[in-house]
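Novice: Quick note, the sequence shown lines up with residues 108 to 381 if you use my numbering. Backbone N, C-alpha and C define an ideal beta-carbon position, used for all residues, glycine too. Please read these numbers as outputs of a predicted model, since none were measured by experiment. Sharing a structure, written as structure tokens. Questions coming.
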Amino acid sequence: MTGTKATGLLALGLLMAAAGVAGSAGAAPGLTSSPLKKCGPDSVVAGTVCLDKYEASVWRVPHPNTTNAPLVKKIQLGKATHDDLTQGGATQLGLTENDFAPCERDGTNCADDIYAVSLPSVVPSAFIDWFQAQEACANAGKRLPTSAEWQVGAYGTPDPGPDNGTTDCNTLTAEEAVPTGSRAGCVSARGAFDMVGNLQEWVADWAPAPMACPGWASFSDDQMCFSGANGISNFPGALLRGGWFADGPAAGPLNVILFPPFRTTGFVGVRCAR
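In structure tokens:
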């Protein structure tokens, strides 16, 4: 075989291999698959990102760079279980108060300290502000989703009607957040749970603090507080999505309001993406 012919066959082989990597095994000729073939067990494919399947429980992991380095790796791969966390001496935060210190509300001292974990059957953490939420996601190898990414993950979640207290989204009957995934009917078309009700969820976007909450008029009965810049407020607004456990019909996949990014309450939590 001549050198020229061998080189040509090698080039052809490389092109075919590249095509095999770019397309899925079952894709029709000429079509390519999503750039994301697979997300971790803790997340779902939502467009071009992996969005956490559950609202985060936030954990303080002791000795993250030494004894618990393997646990941190599991968290970052989306494979940590509740038993893994408790056996590693991790403590869940944000259940009754903002107890994240020494992780401060401006994000100081949070690196290698608090970790956002997407787990089923746990009460998600609240009382977390935007800066702490951003750090908890970052330590877990993730980030806050944008509002647009969150919206893709939320599509298909039922818009609240009466909350039957068992399978419907937690928007009316409970007085607190319920365990993640426990409302079997509150799931999006892409498999993410509790994107309506339970806890409002920080997303990455900021905007000027709004002047009014005009709603969506006849388009939707979901709450919408995102209208006009408030020239009086001396702080920006960080977007919250989905509504919370006492919002009733105002909760929903189009629910969007803005809070000061340093505010903490018992009805605000976080969901991460990567």
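(1) Specify, as a first and last residue, the run of the beta strand (DSSP E) that tryptophan 166 falls within.
(2) In angstroms, rounded to a whole number, what distance separates the CA positions of aspartate 266 and alanine 358?
(3) When you compare only the Cα positions, how much space is there between arginine 250 and leucine 184?
(4) Measure how close the beta-carbons of alanine 163 and valine 224 come, nearest whole angstrom, since I'm counting them as under 8 angstroms.
(5) Starting from the C-beta of glycine 127, find all residues in its chain whose C-beta is less than 8 angstroms away, skip the five residues before and the five after it, and write them out in chain order.
(6) Residues bridged to glycine 292 by DSSP?
(7) Isoleucine 182 lies in the alpha helix (DSSP H); which residues open and close that run?
(8) Please go through the same chain and pick out, in chain order, the residues whose beta-carbon is closer than 8 angstroms to the beta-carbon of serine 228, but skip the five residues on each side of it.
(9) Please classify lysine 160 as buried or exposed, where buried requires at least 16 neighbouring CB atoms within 10 angstroms.
(10) With a threshold of 16 other CB atoms inside 10 Å of the CB of leucine 138, please say whether the residue is buried or exposed.
(11) Which ranges would you report for the alpha helix (DSSP H) in the segment 237-268 if only whole runs of at least 4 residues count?
(12) Decide if phenylalanine 369 is buried, meaning its Cβ has at least 16 other Cβ atoms within 10 Å, or exposed.
(13) Taking C-alpha atoms, which residue in Thr274, Thr215, Gln258 and Arg348 lies nearest to alanine 243?
(14) With DSSP run on the structure shown, which of helix, strand or coil describes alanine 357?
(15) Sort Thr274, Cys379, Thr371 and Val375 by Cα distance to aspartate 445 and report the nearest one.
(16) According to DSSP, is aspartate 190 helix, strand or coil?
(17) Judging by CA-CA distance, which residue of Leu226, Gly154 and Val303 is the nearest neighbour of threonine 193?
(18) Between the Cα of proline 360 and those of Gly260, Thr203, Val375 and Trp313, spot the shortest distance and give me the residue it belongs to.
(19) In the DSSP assignment, find the unbroken beta strand (DSSP E) run with serine 225 in it and report its ends.
(20) Buried or exposed for glycine 196, going by 16 or more other Cβ atoms inside 10 Å?
(21) Would you call the CB atoms of serine 232 and leucine 200 closer than 7 angstroms?
(22) Ignore the nearest five residues each way along the sequence and tell me which others in arginine 381's own chain have a CB closer than 6 angstroms to its CB.
(23) Tell me whether the beta-carbon of phenylalanine 352 lies closer than 7 angstroms to the beta-carbon of alanine 284.
Specialist: In this structure, then:
(1) Reading the sequence shown from its first residue, position 59 is the one you call residue 166. 163-167 is the span of the beta strand (DSSP E), which, as asked, contains tryptophan 166.
(2) By 1-based counting over the sequence shown, the position of residue 266 is 159. By 1-based counting over the sequence shown, the position of residue 358 is 251. So the two alpha carbons sit approximately 8 angstroms from each other.
(3) Along the sequence shown, one-based indexing puts residue 250 at 143. Along the sequence shown, one-based indexing puts residue 184 at 77. Spanning the two alpha carbons is a distance of roughly 14 angstroms.
(4) In the sequence shown, residue 163 corresponds to position 56, counting from 1. In the sequence shown, residue 224 corresponds to position 117, counting from 1. Contact between alanine 163 and valine 224 holds, with the beta-carbon distance rounding to 6 angstroms and staying under 8 angstroms.
(5) Your numbering for residue 127 matches position 20 in the sequence shown. With a pLDDT of 37 at glycine 127, under the threshold of 50, the modelled position of this residue cannot be trusted; read the value that follows with caution. Contacts found: none.
(6) On the sequence shown, position 185 is the one that residue 292 refers to. DSSP lists no partner for glycine 292.
(7) Within the sequence shown, the letter at position 75 stands for residue 182. From DSSP, the alpha helix (DSSP H) with isoleucine 182 extends over 176-183.
(8) Stepping through the sequence shown from its first residue, residue 228 is reached at position 121. Correct list, in chain order: His189, Pro286, Thr287, Gly288 and Ser289.
(9) Working through the sequence shown from its first residue, we reach residue 160 at position 53. Buried, by the Cβ-count rule.
(10) As a position in the sequence shown, residue 138 is number 31, starting the count at 1. Reliability fails at leucine 138, whose pLDDT of 37 lies under 50, so the model's placement of it is uncertain and the value that follows must be treated cautiously. Classification for leucine 138: exposed.
(11) 237-246 and 254-261
(12) Mapped onto the sequence shown, residue 369 falls at position 262. So phenylalanine 369 counts as exposed.
(13) Counted from its first residue, the sequence shown places residue 243 at position 136. Taking only the C-alpha atoms, the option nearest alanine 243 is Thr215.
(14) As a first step, residue 357 must be located in the sequence shown, where it is residue number 250. Of the three classes helix, strand and coil, the one that applies to alanine 357 here is helix, per DSSP.
(15) Any property of residue 445 remains undetermined from this structure, which presents the chain solely from 108 to 381.
(16) By one-based count along the sequence shown, residue 190 stands at place 83. Of the three classes helix, strand and coil, the one that applies to aspartate 190 here is helix, per DSSP.
(17) Residue numbering aside, residue 193 sits at position 86 when the sequence shown is read from its first letter. If we check each option's Cα against that of threonine 193, Leu226 comes out closest.
(18) Position 253 of the sequence shown, counted from the first residue, corresponds to residue 360. For the residues Gly260, Thr203, Val375 and Trp313, the minimum Cα distance to proline 360 belongs to Gly260.
(19) If you number the sequence shown from 1, residue 225 lands on position 118. 221-225 is the span of the beta strand (DSSP E), which, as asked, contains serine 225.
(20) Translated into positions along the sequence shown, residue 196 becomes position 89. Using a 10 angstroms sphere on the CB of glycine 196, the tally of other CB atoms stays under 16, which defines it as exposed.
(21) Stepping through the sequence shown from its first residue, residue 232 is reached at position 125. Stepping through the sequence shown from its first residue, residue 200 is reached at position 93. In this structure, leucine 200 lies closer than 7 angstroms to serine 232 by Cβ.
(22) Stepping through the sequence shown from its first residue, residue 381 is reached at position 274. Cys157 and Lys249.
(23) Your numbering for residue 352 matches position 245 in the sequence shown. Your numbering for residue 284 matches position 177 in the sequence shown. Yes. Within cutoff.
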